[in-house]
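Numbering (this note's numbering), first residue to last: 147 to 1170.
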């Protein structure tokens, strides 16, 4: 009876909503049953035409406003909503406004193609309509070899070229185009010679030569599961430029991966979106939706719908909504809003149940964490609700275990609990998750990952499993579930090394890595996403970086170094972090539990995506150009990079004007450190026969300097020695300068080395790093530090994962603590033998005279510091190795209370050199000594120029009378900082001056310091 009364009342309310078009339903956490055309879960808004007449929405707009964020507006294209009809729009930030009647397929895979095998370069105009392809071979698609998925089987080749003509009478009827294909390993597709899609080979705008390899293996999937492995929407502007009335030609080149020559496949389909109902080629329904230029927040926001005149015709405040739920009008078009358990996009809400809210969130009597001995865990909720819980990682449902009494926890368990109301119009509340670690003594951070076991371990659905389509015999098991990039809902809890709770978050989990996906202990990427009711992870994951907000991070299984040293890339990254200018991935070790089960030692790693740049540099990720490999686009544009690479490669860098221009567009210090690090550690998975594991970026608004990231150095520090390469004598510097396959990075390096200043900086910086962070003792001690962090956990780790490697001759060479220590010692032997070999390689590559030992010392002891080139040795006396033929620079810097006098050396400096900085070529082993004298008083200021505050530093040897005055540029005293009758005690002093109190205008001022008979005047500059 209650429901009937409510329904009649709502029918009355429906008549009060008179606006033509209304916001009718909103899903702001995504609906897994309503995917967009990219098969992605997106937010959406449903609009309803509350009139008996069709309404054209062109000029209407929808805006989203949220506290603390800018309002976003999106305008409808020329599209009509039917009388009493529905129109759902995805809120995905993809901003797609093309709308059309149906798809047609002018090019489909199994038609007859003209093709050319890439044993040589095809004619340069092979992509064009005018090219005569009569001499090319004909064959039915798909074309390729291996895997048994090709209609036309060809002989093994590096590359394959295919083309097919088709006719378009009226291009004005075509609003969009898409490419669906299955391929192995890389492709570039063209329409009338204009590039429309690219994957895994070359860079946008460049035509890969016939002998260009794909960046990586990309396995075809259609023969495994019937699905395409690639899909692209053609950029609308490119489509308008490329497509022509009359004859058009679609062409595509496919490239093999260097170590994957056992198969190659190209199965392409070109689709066009047609505006009217006329049919020329095979048609099928459009099934596409509009997309706004903004997302929605699960926490809620305000939505406003405006007509073309800018009048607000609907205004709704949308509250927080849980995943797979929506809020909407009930019935359609009424003023009554309800909560729906099951969303109904593009259909009437009348068939949905009108719910009024959510159940409460239960509470635990014990916080998640570490406990000794058996615990009793109690749950408390609203008295009118019941609580259900699980201990297998799944979210509780209406059939999960009913909570009636305390839960006995005698071993590590994850408990997930949820409240359910006895009122049928109240939906279940949020799930709360607590992990209880019983009798665990873990000394590094711990992550507990919880997810429905089906998400992880179901044979057909689980992301961790081989699944039905894997190649089960050949590593890395292409076709396996973990190669599909599937994402599954999960929950993580983080505890620090002392067992203290850090944070928890709903996340999206996917299997992380490349070939390391095949290892039995797999890594994860976890992401906080709005669709999972989480926006950010608010916690400082890495003590060495002041970043406390993350969108995602990796839980890495140590990559290719898994169960060998189990730390190699982390070691290289953390060592580079000490002194280089490279963008490194920070990392720390952790132990992972999955659904309460111990899962071994992992690494928490930054993920190098656009959010990395946002976090580390506070830069809007929408204002970057972010590239990989030879310039493949991750985000933004590669045009500025290609232009820079071309300028550097094609111009004389020894002309200072050219070099000065380059210094404005690339971070030279970062560039040098990047090449030095990669070549010194001998990363064999980098440059040479192919280009791999390279990422670089810049800001584009305003344009900034290009910077390189250190990405995946697993195959370094002698890792590949068992396979006969990558030992300490490998000349990676030569390989980087003269790679087997050309790349823009090597081209730029070689051209820049023509500039004497760059060459000298590069060689001296190489020496500086060899003399500091890559010094054998330091490098090996760094290894010991990382080893000691995880040593207490490794025995248990090997008990679980030791001896499980699918490729034991290379990966997983450690199975217990003794074999692990042996592999660590082998890596440290590389560190001890590598420096002298690296120096000889530098000597040969740059035709230098000889290495020389340079000694440094200060007199008296601790009177000052010495900078040599780019480094400050941390103790004196000090000795490093440099080269005859490359001048060095040394600078003496007095400590507080001393002043520099002169330099002396036995042979090179005759007499005394009074300059604090000297640049000279050292042609023999030589010690240099900087002499200082003690001052009775020392006085300095910083910063200078200054803005809002100024610090005055002075040190007294005895108690003295001190006066400090501030003067303007005319010599007029404007402030007495310390009066003349003040006595100051012996020792160091620092005075902070808050300049807001002085109201100083910009300009020049003078500070006069007097102490006894000592007086010093310093010029200071005030700026904005």
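Idealized CB from N, CA, C, for every residue including glycine.
Where does residue i land, buried or exposed, given buried means 16+ other C-beta within 10 angstroms?
| i | result |
| --- | --- |
| residue 1080 | exposed |
| residue 213 | exposed |
| residue 179 | exposed |
| residue 200 | exposed |
| residue 508 | buried |
| residue 181 | exposed |
| residue 258 | exposed |
| residue 480 | buried |
| residue 1158 | exposed |
| residue 668 | buried |
| residue 265 | exposed |
| residue 1174 | Absent from the model: residue 1174. The displayed extent of the chain is 147 to 1170, so no value can be given. |
Considering only residues of the same chain and omitting the five flanking positions on each side of residue i, which have a CB-CB separation below 7 Å?
| i | result |
| --- | --- |
| residue 1113 | 1119, 1120, 1151, 1152, 1154 |
| residue 239 | 439, 440, 441 |
| residue 663 | 622, 628, 629, 657 |
| residue 984 | 826, 916 |
| residue 155 | Unreliable positioning characterises residue 155 in this predicted model, as indicated by a pLDDT of 37, which lies under 50. A coordinate reading is not provided. |
| residue 940 | 747, 963, 966 |
| residue 282 | 260, 261, 262 |
| residue 673 | 653, 654, 697, 698 |
| residue 1045 | 1078, 1079, 1081 |
| residue 1160 | 1082, 1083 |
Mapping DSSP to helix, strand and coil, what is residue i?
| i | result |
| --- | --- |
| residue 662 | helix |
| residue 605 | coil |
| residue 485 | strand |
| residue 754 | coil |
| residue 148 | Residue confidence is low: residue 148 scores 39 on pLDDT, short of 50, so the model does not pin down where it sits. No coordinate-derived value is stated. |
| residue 795 | helix |
| residue 282 | coil |
| residue 818 | helix |
| residue 1111 | strand |
| residue 683 | strand |
| residue 945 | helix |
| residue 708 | coil |
| residue 823 | helix |
| residue 305 | strand |
| residue 909 | helix |
| residue 273 | coil |
| residue 1152 | strand |
| residue 245 | coil |
| residue 1164 | strand |
Return the chain-ordered list of same chain residues with a C-beta closer than 8 Å to the C-beta of residue i, the five sequence neighbours on each side being excluded.
| i | result |
| --- | --- |
| residue 998 | 1027, 1028, 1029, 1030, 1068, 1069, 1070, 1071, 1072 |
| residue 253 | 310, 312, 396, 414, 415, 416 |
| residue 577 | 541, 542, 562, 563, 564, 637 |
| residue 342 | 323, 325, 335, 336, 378, 380, 381, 384, 385, 388 |
| residue 170 | 192, 193, 194, 232, 474, 475, 478, 479, 495 |
| residue 841 | 754, 772, 773, 774, 780, 854, 855, 857 |
Going by beta carbon distance, what residues of the same chain come within less than 6 Å of residue i, once the five residues before and after it are set aside?
| i | result |
| --- | --- |
| residue 430 | 249 |
| residue 879 | 825, 987, 991 |
| residue 157 | Any reading at residue 157 is ruled out, since the residue's pLDDT is 35, under 50, leaving its predicted position unreliable. |
| residue 1111 | 1119, 1122, 1154 |
| residue 1065 | 1033, 1035 |
| residue 1163 | 1152, 1154 |
| residue 712 | 704 |
| residue 161 | Residue placement at residue 161 is poorly supported in this model, since its pLDDT is 38, which falls under 50; the coordinates are not used for a value here. |
| residue 626 | 612, 613, 616 |
Any idea which residues DSSP pairs residue i with across the strands?
| i | result |
| --- | --- |
| residue 253 | 416 |
Check whether the Cβ of residue i lies closer than 8 Å to any heavy atom of the ligand GDP, and answer yes or no.
| i | result |
| --- | --- |
| residue 770 | For the structure depicted, the ligand GDP is absent and the ligand set is empty, with no information on it obtainable. |
Any beta carbon of chain C sitting closer than 9 Å to that of residue i?
| i | result |
| --- | --- |
| residue 210 | Here chain C cannot be found, since the structure has a single protein chain. |
Requested in this report: Can you check the region 408–457 for any beta strand (DSSP E) of at least 3 residues that lies completely inside it and give the ranges in chain order?
Outcome: You should have 410–420, 428–431, 446–452.
Requested in this report: May I have a chain-ordered list of the beta strand (DSSP E) segments no shorter than 3 residues that lie completely inside the region 954–1023?
Outcome: 996–1005, 1010–1014
Report task. Tell me the start and end of each unbroken alpha helix (DSSP H) in the region 163–221 that is at least 4 residues and wholly inside, in chain order. Result -> none
Query - Sequence ranges, beta strand (DSSP E) only - wholly within the region 324–380, length at least 3 - result: Fully enclosed beta strand (DSSP E) runs of 3 or longer: 332–337, 340–345, 376–379.
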